[in-house]
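J.: Residue numbering for the sequence shown follows this note's numbering, starting at 17 and increasing by one per position. Please see the structure below; I have some questions.
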Amino acid sequence: MNVVVVESPAKAKTINKYLGSGYKVLASFGHVRDLPAKDGSVLPDQDFEMSWEVDASSQKRMKDIADAVKGSDGLFLATDPDREGEAISWHVLDLLKKKRVLGDKPVKRVVFNAITKKAVLDAMANPRDIDVPLVDAYLARRALDYLVGFNLSPVLWRKLPGARSAGRVQSVALRLVCDRENEIERFVSEEYWNLSALLRTPRGDEFEAKLVSADGKRLQNRGIKNGEDANRLKALLDGAAFTVDTVEAKPVKRNPGPPFTTSTLQQAASSNLGFNASRTMQVAQKLYEGVDIGGETVGLITYMRTDGVQMAPEAIEGARHAIVDQFGQRYLPEKARFYSTKAKNAQEAHEAIRPTDFNRSPDKVRQYLDHDQQRLYDLIWKRGIASQMASAEIERTTVEILADNNGQKAGLRAVGSVVRFDGFLGAYMDQREEGEKGEDDDEDGRLPPINAREKLDKRKVDASQHFTEPPPRYSEASLIKKMEELGIGRPSTYAATLKTLSDREYVTAEKRKLVPQAKGRLVTAFLESFFTKYVEYDFTADLEEKLDKISAGELDWKQVLREFWQDFFGQIEDTKELRVTNVLDALNEALAPLVFPKREDGSDPRICQVCGTGNLSLKLGKYGAFVGCSNYPECNYTRQLSSEGGADAEAAGLNEPKALGADPHTGEEITLRSGRFGPYVQRGEGKEAKRSSLPKGWKPEDIDHEKALALISLPRDVGKHPESGKMISAGIGRYGPFLLHDGTYANLESVEDVFSIGLNRAVTVLAEKQSKGPGGRTRGTPAALKELGDHPDGGAVTVRDGRYGPYVNWGKINATLPKGMDPQSVTMEQAMALIVEKGGKAAPAKAKAKKTATKAAADTKKTKAPAKKAPAKKTATKAKKTDT
Numbered sequence: 017m018n019v020v021v022v023e024s025p026a027k028a029k030t031i032n033k034y035l036g037s038g039y040k041v042l043a044s045f046g047h048v049r050d051l052p053a054k055d056g057s058v059l060p061d062q063d064f065e066m067s068w069e070v071d072a073s074s075q076k077r078m079k080d081i082a083d084a085v086k087g088s089d090g091l092f093l094a095t096d097p098d099r100e101g102e103a104i105s106w107h108v109l110d111l112l113k114k115k116r117v118l119g120d121k122p123v124k125r126v127v128f129n130a131i132t133k134k135a136v137l138d139a140m141a142n143p144r145d146i147d148v149p150l151v152d153a154y155l156a157r158r159a160l161d162y163l164v165g166f167n168l169s170p171v172l173w174r175k176l177p178g179a180r181s182a183g184r185v186q187s188v189a190l191r192l193v194c195d196r197e198n199e200i201e202r203f204v205s206e207e208y209w210n211l212s213a214l215l216r217t218p219r220g221d222e223f224e225a226k227l228v229s230a231d232g233k234r235l236q237n238r239g240i241k242n243g244e245d246a247n248r249l250k251a252l253l254d255g256a257a258f259t260v261d262t263v264e265a266k267p268v269k270r271n272p273g274p275p276f277t278t279s280t281l282q283q284a285a286s287s288n289l290g291f292n293a294s295r296t297m298q299v300a301q302k303l304y305e306g307v308d309i310g311g312e313t314v315g316l317i318t319y320m321r322t323d324g325v326q327m328a329p330e331a332i333e334g335a336r337h338a339i340v341d342q343f344g345q346r347y348l349p350e351k352a353r354f355y356s357t358k359a360k361n362a363q364e365a366h367e368a369i370r371p372t373d374f375n376r377s378p379d380k381v382r383q384y385l386d387h388d389q390q391r392l393y394d395l396i397w398k399r400g401i402a403s404q405m406a407s408a409e410i411e412r413t414t415v416e417i418l419a420d421n422n423g424q425k426a427g428l429r430a431v432g433s434v435v436r437f438d439g440f441l442g443a444y445m446d447q448r449e450e451g452e453k454g455e456d457d458d459e460d461g462r463l464p465p466i467n468a469r470e471k472l473d474k475r476k477v478d479a480s481q482h483f484t485e486p487p488p489r490y491s492e493a494s495l496i497k498k499m500e501e502l503g504i505g506r507p508s509t510y511a512a513t514l515k516t517l518s519d520r521e522y523v524t525a526e527k528r529k530l531v532p533q534a535k536g537r538l539v540t541a542f543l544e545s546f547f548t549k550y551v552e553y554d555f556t557a558d559l560e561e562k563l564d565k566i567s568a569g570e571l572d573w574k575q576v577l578r579e580f581w582q583d584f585f586g587q588i589e590d591t592k593e594l595r596v597t598n599v600l601d602a603l604n605e606a607l608a609p610l611v612f613p614k615r616e617d618g619s620d621p622r623i624c625q626v627c628g629t630g631n632l633s634l635k636l637g638k639y640g641a642f643v644g645c646s647n648y649p650e651c652n653y654t655r656q657l658s659s660e661g662g663a664d665a666e667a668a669g670l671n672e673p674k675a676l677g678a679d680p681h682t683g684e685e686i687t688l689r690s691g692r693f694g695p696y697v698q699r700g701e702g703k704e705a706k707r708s709s710l711p712k713g714w715k716p717e718d719i720d721h722e723k724a725l726a727l728i729s730l731p732r733d734v735g736k737h738p739e740s741g742k743m744i745s746a747g748i749g750r751y752g753p754f755l756l757h758d759g760t761y762a763n764l765e766s767v768e769d770v771f772s773i774g775l776n777r778a779v780t781v782l783a784e785k786q787s788k789g790p791g792g793r794t795r796g797t798p799a800a801l802k803e804l805g806d807h808p809d810g811g812a813v814t815v816r817d818g819r820y821g822p823y824v825n826w827g828k829i830n831a832t833l834p835k836g837m838d839p840q841s842v843t844m845e846q847a848m849a850l851i852v853e854k855g856g857k858a859a860p861a862k863a864k865a866k867k868t869a870t871k872a873a874a875d876t877k878k879t880k881a882p883a884k885k886a887p888a889k890k891t892a893t894k895a896k897k898t899d900t
């Protein structure tokens, strides 16, 4: 019997069916060891020696693998065909060598790009050794990421409170987002005008033509700059006679794009399906690992982490047969199409993402897939088969028209296109992929029959005013595309990079656009000011290129680390002498539009409008940066530094307190203000003034005297409880709106309930609270939202909904889902990773076995030596504590 090691249980189950009883396929559940998140895991002074750590769950996996290998004939390492997959195989092999279980057993590495029976059997018949240069590239990447993270992050914590951490690739991706925001803030809109005429042919057909030349000159794009010029040209056209000068019908061919890479798949899934990068990769992983189709588990797509655009010869042949069968002979080009990527540093040896069998059309597998899988597979299949189809044939017609008004002349142009043969477009029908629209596909539509030299009637002339728009914020799709163009990151890193930026709250997604938050912009400004080299696009891309050369065996990985560390360490040391005042001065200048937004009255935005003499500047507090006055404590004006909060404050005029009226009971003025934690209302002045933050969802511009007074008056007495006689009060706390009675809290559904709830309803809410268990949930375990299957150690793994959101449950272990993860999209592999992270050193099954054994031992001692009950009890208690 041979042992085969793969990453995931799903992959193991599928491959085991293909290989039969002579093989035992085991899953490593991803990486079996990693660098501990502590100082000393990489030691530059000891030639970059790396200390690896195996967590408790992985120790059990490795024990199972080692036990199986002891009695086996050989070992096959069949992890994924990329740098990470090679690294997992290397880690497993290294641990097995240290356990001394291999002896003289043969060890081979096998890779397959698709989980199909043919691909797996072919790979098993053609094994190889571990690719050492590929492992070296992995080691270099992990060491670089560790050295940057564990040396740069402490600098941020000391010099920039509130900043969480900085990563090598993430920092550069964040800079891209922040640089775009800077462009938007600096953008000055310009006016321009477009002119067009609605014309009619002698046969009564109407069409529109655009002005392209006047006064003997060709108009540049946005060449008409003001209304005066526009009105002059409109008058010329209003009084002009129109004649067709030339009509040119030109056939053009439009070629299909290549099959998907990781980057283009993520872009297309974002544009067409609304998937973020993480969701795309989760769904693609399932399609790759295998789906049950009529009792057979089959991998539907090839490996989804790739930057290659070429398909294997047998796949191209399969696509060509499918084209003839499903579309007809005319849709098949005479020769197969071959593609080469334009992405920087692409690894051409990797195959593109494609269906494993083009005969499995989306309609044939639809019934076996869930909604997300169906949509993504449809996208991949269409792109893959279209890449080998015939070109679309389009007839593009251009009509040049002369306008003559008593010798004043102008030129107009009308363009139309007609698809004469749809070619590869037939695969998409009405669907359009991001990046599929070519320069010849300008959506002009069809023109009516028009003949040269014929006269045209003018129906009307339009002059429309426009203003230039700032560059758009990045979406996930466009950011990935930009990173790929610059050579930053690799296919396996895109989704993780974006998720890290979101988890650190450096960037948020608003209407699918990435908006840098204040802490993200602060980190970027700090790094650009004091670690310029390490957030430069060219430097990061050059480092990625060196990693690729290491994987190709062209560079020594430790030499690359030595060169990097020498300069980087020196830069870190220089920051030790950096004073906070130096940091603030640099950030004030770098983030001036954010810190000091222009004022409507034109006054100096750096002068405090409350005291009139102090200078505003960034200040660093325990919870991050804010804007404050230099005259503190005499002037206690502060304002939060936040893209969203700043906009709200500016819209509501909160650069200075806004008077709302007096409190009728105390006579003190109530004002609306903006502080470091957002907008709030305040009654009176000084340290004794009462303050209340605006509840979530309340906008500063909507706050009036009545609402402010209601907030300031909280908590509100609802009435005395009919049974206890004690007061019930309503308020807004750290966890939202609540009721309080005799020390018991009950949540309210909305902020509005705080101000409107009556006594009867309050009593009911409190009674419902009493009928529920701790935490306000009904006693007992919440019902499962999704069942994922059985844990290898026994027991069901499920996804449930708890007080603090959805979580994964196995036995007594509850692991909260990361922010933004869809409970219905959680896979067993993701669940296992969360369980391992949460479970610590003792798994429930193991702990239970230990407790049972301890209890039995204690009982035996009690039987043999009744006089020693106390020591036996003490031993049992100690064992229980150890297990816990």
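C-beta atoms are modelled at their ideal positions from N, C-alpha and C, and glycine is treated no differently. Computed from a prediction, not measured in an experiment: that's the story for all the values here.
1. Since I believe residue 469 is in contact with residue 260 (beta carbons under 8 Å), could you give me their beta-carbon distance rounded to a whole number of angstroms?
2. Which runs of the beta strand (DSSP E) fall wholly inside the segment 402 to 490 and span at least 3 residues, in chain order?
3. Among the residues of its own chain, which have a CB less than 8 Å from the CB of residue 773, if the five just before and after it don't count?
4. For residue 293, does the count of other Cβ atoms within 10 angstroms reach 16, so buried, or fall short, so exposed?
5. Does the beta-carbon distance from residue 252 to residue 426 come in below 8 Å?
6. Taking only the alpha-carbon atoms, compute the straight-line gap between residue 354 and residue 326 and give it to the nearest angstrom.
7. Any contact of the segment 37 to 55 with the segment 64 to 80, i.e. 3+ C-beta pairs under 8 Å?
8. To the nearest whole angstrom, what separates the beta carbons of residue 695 and residue 688, a pair I think is in contact under 8 Å?
9. Using only the alpha-carbon positions, how far apart do residue 403 and residue 369 sit?
10. Whose C-beta lies closer than 7 Å to the C-beta of residue 345 among residues of the same chain, with five residues either side of it excluded?
11. I'd like to know whether the C-beta atoms of residue 306 and residue 299 end up nearer to each other than 8 Å.
12. Rounded to whole angstroms, what is the Cα-Cα separation between residue 439 and residue 348?
13. Could you check whether residue 183 and residue 516 sit closer than 8 Å to each other, using their CB atoms as the reference points?
14. When the distance is taken between beta carbons, is residue 95 closer than 8 Å to residue 372?
15. Rounded to the nearest angstrom, what separates residue 724 and residue 770 at their Cα positions?
16. Going by C-alpha to C-alpha distance, which of 27, 332, 432 and 434 sits closest to residue 8?
17. Closer than 8 Å by C-beta to residue 744: which residues in its own chain qualify, once you throw out the five before and the five after it? Chain order, please.
18. Among 713, 712 and 649, which one has its Cα closest to the Cα of residue 702?
19. Ignoring anything shorter than 4 residues, give me the alpha helix (DSSP H) runs that lie fully in the segment 257 to 331, in order along the chain.
20. Take residue 34 and list the residues in its own chain whose beta-carbon comes closer than 6 Å to its own, dropping the five residues that flank it on each side.
21. My guess is that residue 742 and residue 762 are in contact by the Cβ rule of under 8 Å, so how many angstroms apart are they, rounded?
22. Would you be able to state if there are at least three C-beta pairs under 8 Å between the segment 208 to 224 and the segment 472 to 482?
23. Compute the Euclidean distance between the alpha carbons of residue 396 and residue 318, then round it to the nearest angstrom.
24. Per DSSP, what kind of secondary structure is residue 805 in: helix, strand or coil?
25. Taking DSSP as the reference, what is the three-state secondary structure of residue 841?
26. Cα separation between residue 389 and residue 834?
27. How would you call residue 941, buried or exposed, if buried means at least 16 neighbouring beta carbons within 10 angstroms?
28. Between residue 686 and residue 721, how many whole angstroms is the CB-CB distance? I'm expecting something under 8 Å.
29. With distances taken Cα to Cα, identify the nearest neighbour of residue 848 among 837, 826, 266 and 838.
30. If distances are taken between C-alpha atoms only, which option among 622, 728, 752 and 511 comes closest to residue 713?
31. Please go through the same chain and pick out, in chain order, the residues whose beta-carbon is closer than 7 Å to the beta-carbon of residue 677, but skip the five residues on each side of it.
32. So, is residue 101 buried or exposed, given that buried needs 16 or more other C-beta atoms within 10 angstroms?
33. Would residue 539 and residue 489 be called neighbours here (beta carbons separated by less than 8 Å)?
34. Measure how close the beta-carbons of residue 850 and residue 824 come, nearest whole angstrom, since I'm counting them as under 8 Å.
35. With burial defined as no fewer than 16 other Cβ atoms inside 10 Å of the residue's Cβ, what is the status of residue 559: buried or exposed?
36. What separation, rounded to the nearest whole angstrom, lies between the Cα atoms of residue 223 and residue 303?
T.: Quick answer:
1. Right, their Cβ atoms sit about 6 Å apart.
2. Listed in chain order, they are 408 to 421, 424 to 437 and 471 to 483.
3. So the qualifying residues of the chain are 734, 746, 755, 764 and 781.
4. By the C-beta density criterion, residue 293 is buried, having at least 16 other C-beta atoms within 10 angstroms.
5. Yes; because the gap between Cβ atoms is below 8 Å, this pair is in contact.
6. Whole-angstrom Cα-Cα distance: 7 Å.
7. Yes, the segment 37 to 55 touches the segment 64 to 80.
8. Correct: roughly 7 Å between the Cβ atoms.
9. Taking the straight line joining both Cα atoms gives about 12 Å.
10. Contacts found: none.
11. Pairing residue 306 with residue 299 gives a Cβ-Cβ distance that is not under 8 Å.
12. CA-CA distance, residue 439 to residue 348, rounds to 9 Å.
13. Yes. Within cutoff.
14. Residue 95 sits away from residue 372, with the two beta carbons spaced by 8 Å or more.
15. Rounded to the nearest angstrom, the gap between the Cα atoms of residue 724 and residue 770 is 14 Å.
16. Lying outside 17 to 900, the shown extent of the chain, residue 8 is not represented and no answer is given.
17. Excluding the 5 residues flanking it on each side, residue 744 has same chain C-beta neighbours closer than 8 Å at 733, 734, 735, 736, 737, 755, 756, 757, 775, 778, 779 and 782, in chain order.
18. Considering only alpha carbons, the answer is 649.
19. You should have 278 to 289 and 293 to 305.
20. Excluding its 5 nearest sequence neighbours in each direction, residue 34 has C-beta neighbours in its own chain below 6 Å: 133 and 136, listed in chain order.
21. That belief does not hold up - the Cβ atoms of residue 742 and residue 762 are roughly 14 Å apart, past 8 Å.
22. Put simply, the segment 472 to 482 touches the segment 208 to 224. At least three CB pairs are less than 8 Å apart.
23. Roughly 10 Å between the two C-alpha positions.
24. Residue 805: strand per DSSP, three-state reduction.
25. Three-state result, residue 841: helix.
26. Between the alpha carbons of residue 389 and residue 834 lies a distance of about 22 Å.
27. The requested residue 941 is not part of the displayed model; the chain covers only 17 to 900.
28. Between residue 686 and residue 721 the beta-carbon gap is near 7 Å, inside 8 Å, which marks them as a contact.
29. Checked all of 837, 826, 266 and 838; the closest Cα to residue 848 is 826.
30. Nearest of 622, 728, 752 and 511 to residue 713, Cα basis: 752.
31. The residues are 686 and 721.
32. The residue is buried, with at least 16 neighbouring Cβ atoms inside 10 Å.
33. Not a contact, by the Cβ cut-off of 8 Å.
34. Beta-carbon to beta-carbon, residue 850 and residue 824 are separated by about 5 Å, close enough to satisfy the 8 Å threshold.
35. With 16 or more other Cβ atoms within 10 Å, it is buried.
36. Whole-angstrom Cα-Cα distance: 48 Å.
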